[in-house]
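Novice: Input: one structure, supplied below.
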Amino acid sequence: MSRILITGGAGFIGFAVAKALSARGDEVIAFDIARSPRLDAEIAQHKNIEFIQGELTEWPQVVGLVQSRKPDAIIHCAAVVGVTNSLASPIGTFRVNVDGSLNVFEAMRLCGVRRVVNLSSEETYGAFEKDKIDETHPNRPLKPYGISKYAVERLACDYVTAYAMEIINVRTCWVYGPGLPRPRVPKILIDAAATGQKLHLLGGGDFRVDHVYIDDCVSGILKALDKPTHRYDIYHIATGEAPSLSEIVAMIKELVPSADLAIGPGPYKFIDGTEAIRKGALDITRARTELDYQPQFPIKKGLAAYLEATRAGLG
Ligand SMILES: NC(=O)c1ccc[n+]([C@@H]2O[C@H](COP(=O)([O-])OP(=O)(O)OC[C@H]3O[C@@H](n4cnc5c(N)ncnc54)[C@H](O)[C@@H]3O)[C@@H](O)[C@H]2O)c1
């Protein structure tokens, strides 16, 4: 049994990781600025999860937390997440994502915590140069979100070299499934299909990205956490496939023949109108080989599971 601190433990991925760690008997400390009814319900059922409300950018809070709880390792999920949010608040994004991560690394250094799994993103690459890329693809992030995530990875390199810390960066992609908080695909499509609402998107049908089901994301994170020693500090946790949004709409209509969904061709735009840059699939050979990561949710299976959860009121 280990004691694991999860920053952003009330968020989409952090909560799912907290649940999985608690289920296998680890002691979980979930740190987050916000409370979550889902996490509160989980805590009511399981004695091995503790919630601590706090602000990642407040150094005394972060160092006090690490000093008092003495975790064996940290899973760092707290962040301002997504291109749209980062454009709305670039300064806030850097404060939380970069300053906040530095607080975590510094607290680890001072308190002797060696390992952190840092949640990173395909946004570190900027526009993909080809349809499927591996971890050696150049990093040329374009928006505050991706730039902040890449800055954290570079800081991590420095901490690893200077202080022999183990900072494992999990670059995941568009994670989806029950609890996804952002109004983007496939959530808006699944919600519309589950509730019988009409949703005709004007464009985006040609956009391709690697959609990762939440359970696969959690499994990859835990494999990175558990591996005794790492040869690499960056892993893709994804599916290795990048279906187009037109293909995803067709799959959902196969699952719900009455769904009134349509999508026009062209690039995808986020809710604020920002056009998504070229993406594609993340090659997962390294994670398969090194971590024995075996994703269980190809897109069709993931969409079916997400739809079922949404119909059950867990979406
Ligand atoms: N969801 C995805 O598709 C995706 C893809 C790639 C990478 N990631 C990365 O995974 C991590 C988790 O993402 P998520 O989808 O769970 O996002 P999320 O927004 O659901 O969770 C982030 C959590 O961090 C907390 N938080 C934000 N600012 C904080 C602060 N100042 N102090 C304390 N807590 C704070 C939020 O309250 C939230 O609960 C992030 O680092 C994100 O960059 C997510």
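Every letter in the sequence shown is one number past the one before it in my numbering, and letter 273, counting from 1, is 1499.
All C-beta atoms in this analysis are idealised placements derived from N, C-alpha and C, irrespective of residue type, glycine included.
Nothing here was measured: the structure is a model prediction, and the numbers come from that model.
#1: Relative to the C-alpha of Asp1258, which residue among Gly1251, Ala1249, Arg1537 and Ile1301 is closest?
#2: Closest to Gly1499 by C-alpha separation, out of Pro1409, His1363, Val1343 and Asn1395, would be which residue?
#3: In its own chain, which residues sit with a C-beta less than 6 angstroms from the C-beta of Ser1228, not counting the 5 before and 5 after it?
#4: Could you check whether the Cβ of Trp1285 sits closer than 7 angstroms to any heavy atom belonging to ligand 1?
#5: DSSP three-state label for Arg1335, please.
#6: Under the criterion of a Cβ to heavy atom distance below 7 angstroms, does Phe1523 qualify as lining ligand 1?
#7: When you compare each of Val1444, Thr1233 and Ala1420 to Gly1539 by their alpha carbons, which one comes out closest?
#8: Can you find a CB in chain C that lies within less than 8 angstroms of the CB of Ala1488?
#9: What is the residue span of the alpha helix (DSSP H) that Thr1319 lies within?
#10: Could you tell me if the beta carbon of Gly1234 falls within a distance shorter than 7 angstroms of some heavy atom in ligand 1?
#11: Skipping 5 residues on each side, what residues in its chain have a beta carbon closer than 6 angstroms to that of Val1288?
#12: When we look at the beta-carbon of Thr1536 and count the other beta-carbons within 10 Å, is it buried (16 or more) or exposed?
#13: Classify Tyr1519 as helix, strand or coil using the three-state DSSP reduction.
#14: According to the neighbour-count rule (16 or more other Cβ atoms, all chains shown, within 10 Å of its Cβ), is Pro1364 buried or exposed?
#15: With 16 as the cutoff for other CB atoms within 10 Å, does Cys1303 come out buried or exposed?
#16: Is it buried or exposed for Arg1261, if we count other Cβ within 10 angstroms and need 16 for buried?
#17: If you follow the beta strand (DSSP E) that Arg1229 is in, where does it begin and where does it stop?
#18: Would the beta-carbon of Pro1396 fall within 8 angstroms of that of Ala1314?
#19: List the whole-angstrom C-beta distance separating Phe1238 from Gly1405, where the pair is believed to meet the contact cut-off of C-beta under 8 angstroms.
#20: Check whether the region 1388-1402 touches the region 1475-1486, taking contact to mean three or more Cβ pairs, one atom from each stretch, closer than 8 angstroms.
#21: Mind the definition here: the region 1335-1352 touches the region 1522-1531 only if three or more C-beta pairs lie below 8 angstroms; say whether that holds.
#22: From Lys1413 to Tyr1376, what does the alpha carbon distance come to, in whole angstroms?
#23: With a cut-off of 8 angstroms, do at least 3 Cβ pairs link the region 1489-1498 to the region 1441-1450?
#24: Considering only the beta carbon of each residue, do Ala1256 and Ala1236 sit closer than 8 angstroms?
#25: Nearest by alpha-carbon distance to Glu1348: which of Ser1294, Thr1455 and Thr1465 is it?
#26: Among Lys1526, Pro1263, Lys1356 and Ala1305, which residue has its Cα nearest to the Cα of Ile1416?
#27: With a threshold of 7 angstroms (Cβ to nearest heavy atom), would Asp1509 be considered close to ligand 1?
#28: For the alpha helix (DSSP H) that contains Arg1537, what are its first and last residues?
Specialist: Inspection of the coordinates gives the following:
#1: Locating residue 1258 in the sequence shown gives position 32, counting from the first residue. Among Gly1251, Ala1249, Arg1537 and Ile1301, the Cα nearest to that of Asp1258 is on Ile1301.
#2: Here residue 1499 is taken as the residue at index 273 of the sequence shown, counted from 1. Closest by alpha carbon: Pro1409.
#3: Within the sequence shown, numbered from 1, the residue matching residue 1228 stands at position 2. Cβ within range, chain order: Asp1252 and Asp1298.
#4: As a working mapping, residue 1285 is identified with position 59 in the sequence shown. Because no heavy atom of ligand 1 lies under 7 angstroms away, the Cβ of Trp1285 does not count as near it: no.
#5: Numbered from 1 along the sequence shown, position 109 holds the residue referred to as residue 1335. Arg1335: helix per DSSP, three-state reduction.
#6: Within the sequence shown, the letter at position 297 stands for residue 1523. Short note on Phe1523: C-beta not closer than 7 angstroms to any heavy atom of ligand 1.
#7: The residue given as residue 1539 occupies position 313 in the sequence shown. Checking every option, the nearest Cα to that of Gly1539 belongs to Ala1420.
#8: Protein chain content of the structure displayed is limited to a single chain, and chain C is not contained in it.
#9: Sequence index remark: in the sequence shown, residue 1319 carries index 93 (1-based). That run of the alpha helix (DSSP H) goes Pro1316 to Phe1320.
#10: Residue numbering aside, residue 1234 sits at position 8 when the sequence shown is read from its first letter. Within the cutoff, so yes.
#11: Translated into positions along the sequence shown, residue 1288 becomes position 62. Excluding sequence neighbours, Val1288 sits near Asn1329 and Ala1333.
#12: Stepping through the sequence shown from its first residue, residue 1536 is reached at position 310. Result: buried.
#13: Taking the sequence shown and counting its residues from 1, one reaches residue 1519 at position 293. Coil, per DSSP.
#14: The count along the sequence shown starts at 1 and reaches residue 1364 at position 138. By the neighbour-count rule (16 or more Cβ atoms within 10 Å), Pro1364 is not buried but exposed.
#15: Within the sequence shown, residue 1303 is the residue found at index 77, counting from 1. Counting the other CB atoms within 10 Å of its CB gives Cys1303 a total of 16 or more, which places it among the buried residues.
#16: Translated into the one-based positions of the sequence shown, residue 1261 becomes position 35. By the Cβ-count criterion, Arg1261 is exposed, with fewer than 16 other Cβ atoms from all chains shown falling within 10 Å of its own Cβ.
#17: Position 3 of the sequence shown, counted from the start, is the residue given in the question as residue 1229. Here the beta strand (DSSP E) through Arg1229 covers Arg1229 to Thr1233.
#18: Position 170 of the sequence shown, counting from 1, holds the residue named residue 1396. Position 88 of the sequence shown, counting from 1, holds the residue named residue 1314. Just to set this straight, residue 1396 is Val in the shown sequence, not Pro. Contact flag unset, no.
#19: Here residue 1238 refers to the residue found at position 12 when the sequence shown is read from its first residue. Here residue 1405 refers to the residue found at position 179 when the sequence shown is read from its first residue. Phe1238 to Gly1405, Cβ: 5 angstroms. Contact.
#20: no
#21: no
#22: Sequence index remark: in the sequence shown, residue 1413 carries index 187 (1-based). Sequence index remark: in the sequence shown, residue 1376 carries index 150 (1-based). Looking at the two C-alpha atoms, the distance is approximately 26 angstroms.
#23: Taking 8 angstroms as the limit for Cβ pairs, the verdict is that the region 1441-1450 does not touch the region 1489-1498.
#24: In the sequence shown, residue 1256 corresponds to position 30, counting from 1. In the sequence shown, residue 1236 corresponds to position 10, counting from 1. Yes, Cβ-Cβ distance for Ala1256 and Ala1236 is below 8 angstroms.
#25: Your numbering for residue 1348 matches position 122 in the sequence shown. When only C-alpha atoms are compared, the closest one is Thr1465.
#26: Position 190 of the sequence shown, counted from the first residue, corresponds to residue 1416. It is Lys1526 whose Cα lies nearest to the Cα of Ile1416.
#27: For the purposes of this step, residue 1509 is taken as residue 283 along the sequence shown, with counting starting at 1. No.
#28: Your numbering for residue 1537 matches position 311 in the sequence shown. It spans Ile1525 to Arg1537 - the alpha helix (DSSP H) in which Arg1537 sits, taken as one unbroken run.
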